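Student: Can you read through this structure? Questions will come right after.
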Amino acid sequence: MDIFSIMDIIKYDVYRGPNIGIYIMANDDYVLLPMGFAKSKADKISEYLKSKALFTSVANTRLIGTLAVMNNHGILLPKTAYSSEYEFLKKETKLEVGVLDSKYTALGNVICANDMGAVVSPWLSKDDCETISQVLGVKVCQKRVAGFYQTGAVMTANNEGAAVHPETDEEDMRLFENILGVNVEHSTINNGIPYVSSGIVANNNSVVVGSLTTGPEIMMLTRAFLN
């Protein structure tokens, strides 16, 4: 596994692949990792993100980053999550833990949030938006991103910046900057993938990206998160 750091953007892989954002999720205090994740790898990513490693599942799967959403205020789980998973996170974190009662259970694909705001899919209901706002403690904006309803798949953010699908227009980017309170920059990940959240795990301590991320992509992400 090749790992090296460039200006606090760290390249990493998981399960011999670069799609780290599908399996891992982090805020400033915790990094959620799948059950059975190798301790040596867990220690490394915990060190990079300066967050405590917690081992869990969501809906009895390893797809933590795809199915759940977390910021420094709370964690949102899909209705398919098990009660044992809910109780574990409630016990082991100091966060508000909520369940979104929506048919769209891949919450990480339909919600992009930091500690100031959330851009969410127009697919979600008004009640869903109220739950998101309450659990994550943020203002919520419903908007497609570059024509995609899967807002969380094509945009990812921390409290320093955000990376968004490269076809997002400038007017929408200004709106997202207002909602999230950060600079938003076009980017791809893992050698041209526009679904940026699949290859990024970011908190306010560090940004970890998939191992196939190129030099030009590192530069785009540097503009997004480190300037």
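Going by the numbering used here, the sequence shown opens with residue 1, and the numbers climb by one from there. All residues carry an ideal CB built from backbone N, CA and C; glycine is no exception. Please read these numbers as outputs of a predicted model, since none were measured by experiment.
#1: Using the C-alpha atoms, what's the distance from Ser211 back to Gly117?
#2: Pop quiz: Gly147 and Phe225 are said to be a contact at Cβ under 8 Å. What is the actual Cβ separation, rounded to whole angstroms?
#3: Give the secondary structure of Pro122 by DSSP, where H, G and I count as helix, E and B as strand, and everything else as coil.
#4: Residues in its own chain within less than 8 Å of Asn114 by CB, not counting five upstream and five downstream?
#5: In three-state DSSP terms, what is Tyr86?
#6: Restricting to Cα atoms, I'd like to know which of Thr168, Ile20 and Gln142 is closest to Val154.
#7: Would you list the one or two residues that DSSP bridges to Leu76?
#8: Roughly how many angstroms lie between the CA atoms of Arg144 and Glu171, to the nearest whole one?
#9: Leaving out five residues on either side along the sequence, give the residues of the same chain with a beta carbon under 7 Å from the beta carbon of Ala106.
#10: Among Ser57, Asn178 and Asp127, whose alpha-carbon lies nearest the alpha-carbon of Ser83?
#11: Classify Glu185: buried if its beta carbon has 16 or more other beta carbons within 10 angstroms, exposed otherwise.
#12: Buried or exposed, going by whether 16 or more other CB atoms sit within 10 Å of the CB of Arg16?
#13: Closest to Ser197 by C-alpha separation, out of Ser51, Leu100, Leu33 and Gly152, would be which residue?
Tutor: Let's see:
#1: 29 Å
#2: Actually they are not in contact, since the Cβ atoms of Gly147 and Phe225 sit about 24 Å apart, beyond 8 Å.
#3: coil
#4: Asn71, Val138, Ala157, Asn158, Asn159, Ala162, Leu180, Gly181 and Val182
#5: helix
#6: Thr168
#7: Paired residue(s): Val69 and Gly98.
#8: 12 Å
#9: Thr66 and Leu67
#10: Nearest option by C-alpha distance: Ser57.
#11: buried
#12: exposed
#13: The shortest Cα separation from Ser197 among Ser51, Leu100, Leu33 and Gly152 belongs to Gly152.
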